[in-house]
Structure formats: structure tokens, C-alpha cells
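FYI, the numbering for the sequence shown is 1 to 447, going by the numbering used here.
Worksheet for the structure shown next.
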Amino acid sequence: MATTMRAQAPSPVVSLLSDLIRANTSNPPGNERRVAEVLAPRFRALGFDVQIFQTPDSGKAHFIARIKGDGSKKPILLAAHADVVGVERDKWSLDPFAGEVRGDHVFGRGAIDFKGGIAVFARAVMMLAENHVPLSRDVIFISEADEEGGTYNTGWLAREHWADMDAEFALNEGGWIMKNDHGNVRYVSISTADKSSIPLTVTARGTSTHSSMPRPDNAIFALSRALAKLSAYETPLTITPATKRFFTALAKTSAPPMSTYYRDLVGDDAAKAKRADAVVSRDPLLHSLVRNTMAPVIIQGGFRANVIPGSAQATINLRMVPGSNPAAFVETLKKIVGDSTIEMKLPATIARPSDPSSEDTDLYRALVREAKVQFPGAEVTPYLFQAGTDASAWRSRGVPVYGIYPYPIDADELTRMHGNDEKVSVASLEQGVQMIYRTIVSVAAKK
Ligand SMILES: [Zn+2]
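Quick look at the structure:
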């Protein structure tokens, strides 16, 4: 099998992914224009309108390709970020930027997050042109800059070029097509909302003086006491309807005792839910799905040995479930700390977390249907994504966004995302193209 595969030319999605991986877009600095240069000739050859939007940062550019429909419906959009996180090169067993196909996997930084997604989304969209599918709406493909960084991401693009990216609904990265140990797909989770990320600044103040004469009001001690109290505090369960359905699906595809714990976690019995939480939340991903979280990420205070500093400061990264109130969450944290001299400050303006995208759209229904066709027997469920994505540019303007990493992966492959020897299987990529292509045809082809 492996021998015949090597003898054949790689399929279009595989050769596109290899080329995308070779365009090193580690952010910083990004250099996403390299991805635009891989994509532009391919889309132009098929008759797409192609635009490259340069940001004020010389290395960062967004790429948009559009194929016209008859305009009777609003466009559908497929979005994928072009930048990747950097690598620890000495920990890789092969070149992370060679796009090598070894056995039945494509290896390289971004194979899963998210150059694999660019390749699948782009190939599915290109096939509309190759197959001359008559369209009732424009289909827009975007490869975006600066998702892993921030300043010139889709938020910037939306402010500058909204007319070019406005759509009825969109696909983006998000949920998972998760395989079990036997390689069969257990579940397909489609994210309909992302958690939001907010920096909380915690400041302790004391007398600034000579370190030879310490006083009781030492700012570093005060900050340490506050952080120690926060570290011992577990935030309460905050379950959204999508999260409830996700764990119900997980229960259906799991064996006891975990199936029982998953069911109890989102059930009505608070005591059982608490017991289930203690077990389920040993998994950091599942822990993060069912609550607001906080993590200290930066600490500052003091500058020399003979001076007691007048203040010490910690930045705590809050990750909020949609519908939660950040100010109320901070009031709870203040009570936990129980020290009125400790100041806790949220940023002056916080973007309101976007409401979850509706499941009552043609795109969501088509994706669920085609996922079931592609992976018979798999549970398909909505999902709250544990991190942030660039979907907020659309969701905050009322455009529903559905998130999926469009290829089956297993737990090992998931660990390699943002890690070492990142890889995605050739069969998974091809299944993804089929599923996404049929999904787009279903919502965009003339009936
Ligand atoms: Zn990503």
C-alpha cells in the first residue's frame, strides 16, 4: 500500500498542503504573503477573483479568492489562518518546513493548525470551478494573517475591507473530527462559540523603602498571598447548551465509568456533577470547557536587592464562557482574595463575548448531514471551543461561524499540534475535502 502510494503522484490536497508548509509563516513575523503566493496562481487559473490585502506590517497580508454565483443568495465564506506558531527545531525528527509525505502522513508545522485546513477548504472551493458547479451565491475563500499574533488579524481586515468578506455564514477552524484507538471516527464536534480571553491586572501596593528595614506591608508578599488564595480556588461549573450536548455525545461514544461521569457532569444532580467534575477535569481540555478559567501568566515587581518595591503586579489570563459576566467574575475573585488593598483591574474596554452561532442555518444543517454521510456512526455535536479564534470578526457582526478542523485526527496527532512532528493523515485530508465540498455544494449550488 505504502509503496504504491509513493509511486503515484500525490493528490491535489496533499501537494497543496506540502507547498503551504514549505511557505514558512511562523509568527512572529508571519510573512503570510508567502501563502498568498502559493494560492494566488492556483485560484487565478480557475477564474477566481483574487485580492491580496497588505497590512501596515510589511510581512502580513490577507488573501481573498471569490467565485461568483448568480447573487440570489448572500455569500458563503471559508476562512483559514495562514500563520503558524514557531518550532523547537531540534525536537523534530524531520524538517518542519519541508512538507514531507512519509508513509501515509503529511508532516510539518501547520499540518493540523491550520495549513491542513487551508488546503482542505481551498481544494473544496477550487473543485466548484473545476466541476463547473452553477452557484446561487458567491463562495469566498480567505487565508488570513496574524491569527496567532493579533494586531493585523481578521479584526483589522473586517474594519478595512468588510464588503469583501461579508457573508451569510462561514466556516473556520474549531471543533474536532476525533478518532478512537481503532482509527474510526467517534465524534464530530462543530464549534458554534469560542471562549473569550481577557487580561486581569492584579496589583499589590506597599511602602517603597530600604530592604534593610522591612515592614508588614511588603507588596510582593501581599501579591503572593493573593495569588496563593486564587490558586486554591476552583471556579464553578458553567455549562452552555452546546457543552451539554458535547458531553452527552462523548458519553455515547465512551465506555463506563467515563460514560457515566460525562453524563453526570452535565446532568441535574449537583452533587453528582461535582464528583464527575473531579474525575473528568483531570483532562485539561475538558476542564477548560466547563468553566471560566484563570491562569497567572506574567508577574512583575522589584528592580534591585536593596529596595523594597512600592508595588507588585500579576497578569491573570481569564478565559470566559459565552454569557458570563467578567466584572461579576472579578468580584468573586476579590472575595476569594479577601484583601481590600489588592487592586484588580479589567481592561477599560472589553469586547463583549459573541453569542453562540445559531444551529438553525442551512450551513450548520448541511455540515451535520455531510459529516454523518462521511463518517457513518459518528456522533455529531455542537461545541464550545476552549480558545479564541479569528471567528470573532464575523460573529461580533452577527455572521454565524462554524468551526471545524476538517480532518479526522487521533489523540496523538492532537498533542503534536503546536508541538513537535505535527502531522495529518493523507486519508483524513481527502475525506475532509469530500465532506467540505459536498457541504458547500449543498448550500451554494443552484437547485
Ligand atoms: Zn489555529
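All C-beta atoms in this analysis are idealised placements derived from N, C-alpha and C, irrespective of residue type, glycine included.
Since we're looking at a predicted model, the values are computed, not measured.
Run of the alpha helix (DSSP H) containing residue i, from where it starts to where it stops
i: T243; result: P241 to K252
i: A122; result: K115 to E130
i: E331; result: P326 to V337
i: S259; result: M258 to L265
i: M165; result: T154 to M165
i: A228; result: A219 to S231
i: L94; result: Note, L94: premise wrong, no alpha helix (DSSP H); not H, not E.
i: I21; result: P12 to R22
i: A448; result: With the chain represented from 1 up to 447, any question about residue 448 goes unanswered, as that position is not in the structure.
Nearest neighbour of residue i, chosen from the options [CA to CA]
i: D95; options: K334, I21 and Y152; result: I21
i: A271; options: G301, W156, N292 and L237; result: L237
i: P75; options: T415, V399 and M417; result: V399
i: W12; options: A65, M127 and G59; result: Here the sequence assigns Pro to residue 12, which means Trp is not the residue at that position. Taking only the C-alpha atoms, the option nearest P12 is M127.
i: D57; options: L77, G30, L78 and D83; result: G30
i: V84; options: L77, G117 and K91; result: G117
i: A219; options: V307, R123 and D268; result: V307
i: H161; options: S425, T293 and F63; result: F63
i: N420; options: S15, A9 and G86; result: G86
i: I142; options: A119, P134, G150 and L135; result: A119
i: E331; options: M344, D410 and T201; result: M344
i: T361; options: Y262, V443 and D412; result: V443
i: S281; options: S212, D194, G183 and F247; result: F247
i: D410; options: L171, R186 and V133; result: R186
i: L333; options: S396, L39, I298 and S231; result: S231
i: V441; options: L363, Y405 and D412; result: L363
i: G108; options: K423, R275, Y402 and D181; result: K423
Sequence-distant residues of the same chain with beta carbon closer than 6 Å to residue i, five excluded per side
i: Q54; result: A61
i: S196; result: M320 and P353
i: R205; result: A219 and S311
i: D138; result: R66, K68, G69 and P75
i: R438; result: E370
i: Y233; result: I336
i: A445; result: V133
Own chain partners of residue i with C-beta closer than 8 Å, once the 5 adjacent residues on each side are dropped
i: G47; result: I67 and A129
i: A2; result: The pLDDT assigned to A2 is 47, lower than 50, so where the model puts this residue is not dependable, and the model offers no usable value.
i: R89; result: P96
i: G71; result: R137 and D138
i: T4; result: For T4, the pLDDT reaches just 49, beneath the cut-off of 50, and the residue's location in the model is therefore unreliable, leaving the point undetermined.
Buried/exposed call for residue i, threshold 16 Cβ in 10 Å
i: W394; result: buried
i: A273; result: buried
i: W156; result: buried
i: R44; result: exposed
i: D269; result: exposed
i: G174; result: buried
i: D146; result: buried
i: S340; result: exposed
i: P322; result: buried
i: L285; result: exposed
Endpoints, beta strand (DSSP E) assigned at residue i
i: S191; result: V185 to D194
i: S311; result: S311 to M320
i: G301; result: T293 to G301
i: G174; result: F169 to K179
i: H62; result: A61 to I67
7 Å Cβ shell around residue i - same chain, five flanking residues per side excluded
i: A167; result: K74, P75, I76, L77, I140 and V399
i: R245; result: T381 and P382
i: H418; result: V85 and D113
i: L227; result: P296 and A314
Identify every run of the beta strand (DSSP E) within the stretch 347 to 433, keeping only runs that are complete inside it and at least 3 residues long; order them along the chain. 379 to 385, 401 to 409 and 423 to 425
3 or more residues per run - each beta strand (DSSP E) lying fully within the stretch 25 to 58: 49 to 54
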